[in-house]
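First up is the structure itself, then whatever we jot down about it.
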Amino acid sequence: MSPATSASAGHAPDTVPALLAERTARSPDAVAFQVETAPGRWSPVTWAVFARRVERLRRALVAAGLRKGDRLALIAPVSIEWELLHHAAMAAGVVVAGMDGHDRPERIAGMVELADVTAFAVSDPRALSCLPPERWARCRLAVALEGADAAWPAGITPIGLVALEALAPEESGQGPPLETPGPGDEAAIVFTSGTAGDPKGIAYRHHQVCLAIAAIADAFPFVGPGSRLLCWLPLSNLFQRIVNLAGMRRGAASYLLGDPRRVMDVVAGVAPEIFIGVPRFYEKLHEGIRARLASQPPIRRRLAAWAWDVGRLASPYLLRRAPMPAGLALRWTVAERLVLRRIRAAMGDRLRFMVTGSAPTPRFLLDELHALGWQLLEAYGMSENVLPMAINRPDCFRPGSVGIVTPGNEIEIAADGRVRVRGPGVFDAYLGEHPGCRRDADGFFTTGDLARLDAEGFVWLQGRVSDFVKTSTGRRIAPVPIEAALREVAGVDQVAVVGNRRRHLAALLTLTEDAQASAEGRAGFEAALRARLADLPGHERPAVVVVLDRALSIEEGELTPNLKLRRVQVESNHANVLDRAFTCLNDGAKGPDEPLLFWPRARQAAPHTPADERHAGAVRAGGPT
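This is the structure in structure tokens:
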């Protein structure tokens, strides 16, 4: 079909150091970052102060032996130290490879080898415990960031950030010569999420990163001086870095939160205008609101339920910006004043909309949050394109879609339904491959995503090629829509649909604490689950539903650091319980018409591990008080 094309992105500086210099010249005394010094207390850092420290660190890195083209692994929580080293390294021409310290050490070791890292800045050296001696032998610099209390390997002497700054020559003309990166020089290395295997590395150049910054800044033009952004997702994720850099281009201040589990403790006080989160966060936000409302006295509970129902009725009109019938308009005004705006206060009083991506967001969740008055905009991106592929914008969106094609991209849908993309942000090759080998003769990269493109230019994702489950009968089934349907059941927390080489599908579930806490909660969950299963088409209905006794986790390799499901690993880790469940199914001669609900052992309320809730933000959402 014919491709959807957007005009090229607007002008932006060609390198990240040039972007920082431009912002510092425009507003040296404006706040660049807010650093939390105590719970709820913030200390401002101006652009002038930040730029001076970046320049000192730039000269210090060169004095320590780093040169243009060297690779630095940054493995630490969100912090001002992360931002300083990020900018200083790029100003010195050093390529930054961000990695998540919660990832498994063996996967981090693989990424270090892929990127040929020779310098490290980490907050916990245990993340590097699987590095081989020959890699350490090539280490030129090891920086111990705040919190790096664990032991380093023998022979490695780390330096703190303050001590590193002290290495900078007093005069700019002293020390080794400084090289300035150009638009075509490498700026950053990112890694694929590794949902279906080991992560792959991709290098992006300064001009490509700047194009992405311009695309994000142009998508949200109302962000500017005085705007606030809350940075709480890991900076190993390039998108969060691009958002911060787009804020710099617009003159906004970024509030840096190192512990993502505290996001709901601080977000109302920060009062951001835009909030960026993964779908898991919004699921927990929704669950937290429901739990809070359920704990209210009966009168308030009924009032909140009525207001939410009114919001559901009003939502289609609000989405279309169409006038409501007079009676509904009156009810909505009352519901808004008495209940809905109080619920929304949990996210601050300046929030204009929320953005999500990285994984599909269930449509019911979009609808439920919009009924409360929150606009949740989905976006679409991938590691292989530094530009976001598509974005829903406040004035141009379709719920359930991932938005219109972002300027700079050209997207078409192949005959087999896969997304093909061409543009200046698309990568050339994975690290270690011949440049250009991943594009066809026309310059298109064929992704593993399945989608349709409507007449208005909106992209509607329909799954991934690698996600399809192939049963022993030869049927190929898309699991993501099934997971979305089961996630609507009250009490369901996590879902993974599996069944490769088995006769029937199986669903692995984890439950919320409320669903586990009592016999009544368990009975209500079972009844709701069976009703939802009955609504699914026969071939999409899991014959076995296994309630797991622990959460799916990053540590067990079942989730990527940004909480994407690693389906193959989930199925492998739980193969034994699946075998037991299917044996019970066969013994009882049941099937999809009568699904088997399998509890491997007596349930106890089991809280999630901190790693599982990092990006979910440990939501404790407010309700009417």
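Everything in the sequence shown is counted per the working numbering, starting at 271 for the first residue and increasing by one. Where is the CB? At the ideal position from N, CA and C, for every residue including glycine.
Whether residue i touches residue j by CB criterion (9 angstroms)
| i | j | result |
| --- | --- | --- |
| W576 | A641 | no |
| G678 | G693 | yes |
| V513 | L499 | yes |
| R341 | A412 | no |
| G517 | V493 | yes |
| L354 | R519 | no |
| E456 | H476 | yes |
| A473 | A458 | yes |
| G471 | A359 | no |
| A574 | V609 | yes |
| I544 | V625 | yes |
| D619 | A684 | no |
| W312 | A300 | no |
| V739 | P751 | no |
| L336 | A362 | yes |
| G627 | F795 | no |
| V768 | R757 | no |
Alpha carbon of residue i to alpha carbon of residue j, nearest angstrom
| i | j | result |
| --- | --- | --- |
| L867 | S497 | 50 angstroms |
| L503 | E753 | 24 angstroms |
| A813 | I747 | 14 angstroms |
| S276 | T427 | In this prediction, S276 scores a pLDDT of 49, lower than 50, which makes its location untrustworthy; the coordinate-derived value is nonetheless stated afterwards. Going from the Cα of S276 to the Cα of T427 covers about 51 angstroms. |
| A308 | V536 | 11 angstroms |
| R560 | V387 | 46 angstroms |
| E638 | R582 | 7 angstroms |
| S524 | A541 | 12 angstroms |
| V815 | R293 | 54 angstroms |
| G865 | K554 | In the sequence as displayed, the identity of residue 865 is Pro instead of Gly. Distance between the alpha carbons of P865 and K554 is about 27 angstroms. |
| V548 | N832 | 8 angstroms |
| A596 | L829 | 48 angstroms |
| E648 | V392 | 32 angstroms |
| P530 | N856 | 44 angstroms |
| D419 | R374 | 19 angstroms |
| Q874 | R709 | Residue confidence for Q874 is low, a pLDDT of 36 falling below 50, so the modelled location carries little weight and cannot support an answer. |
| N655 | L818 | 36 angstroms |
| E435 | A291 | 20 angstroms |
| H357 | G687 | 40 angstroms |
| L515 | R622 | 20 angstroms |
Outcome for residue i when other beta-carbon atoms lying within 10 angstroms are tallied against a minimum of 16
| i | result |
| --- | --- |
| N662 | buried |
| V432 | exposed |
| I350 | buried |
| A424 | exposed |
| I546 | buried |
| G713 | exposed |
| M381 | buried |
| G280 | Residue placement at G280 is poorly supported in this model, since its pLDDT is 45, which falls under 50; the coordinates are not used for a value here. |
| R572 | exposed |
| C501 | buried |
| S671 | buried |
| E376 | exposed |
| E841 | buried |
| E404 | exposed |
| D468 | exposed |
Residue i - containing beta strand (DSSP E), residue span
| i | result |
| --- | --- |
| G547 | I544 to G547 |
| F634 | That residue, F634, is in no beta strand (DSSP E); its alpha helix (DSSP H) goes R633 to A641. |
| G651 | L646 to M652 |
| A777 | A776 to L781 |
| G718 | F715 to L723 |
| I220 | Here the chain covers residues 271 to 895 and nothing more, so residue 220 does not appear. |
| D763 | V762 to V768 |
| L401 | That residue, L401, is in no beta strand (DSSP E); it is neither H nor E in DSSP. |
Beta-ladder partner(s) of residue i, from DSSP
| i | result |
| --- | --- |
| T285 | In the DSSP output, where bridge partners are listed per residue, T285 has none listed. |
| Y552 | Partner(s): none; Y552 has no beta bridge. |
| Q304 | P314 and Y525 |
| M659 | Answer is none; M659 lacks a bridge partner. |
| Y474 | A458 |
| H802 | Here residue 802 turns out to be Arg, not His, going by the sequence shown. None; R802 has no bridge partner. |
| M624 | F545 and L646 |
| C480 | For C480, which the question treats as bridged, DSSP gives no partner whatsoever. |
| K740 | R746 |
| R341 | V365 |
| F868 | V816 |
| L731 | A721 |
Where the alpha helix (DSSP H) containing residue i begins and where it ends
| i | result |
| --- | --- |
| P380 | Reading off the sequence shown, one finds Gly at residue 380, where the question assumed Pro. Its alpha helix (DSSP H) spans residues P375 to A385. |
| R757 | P749 to R757 |
| F509 | L508 to R520 |
| I569 | P568 to R590 |
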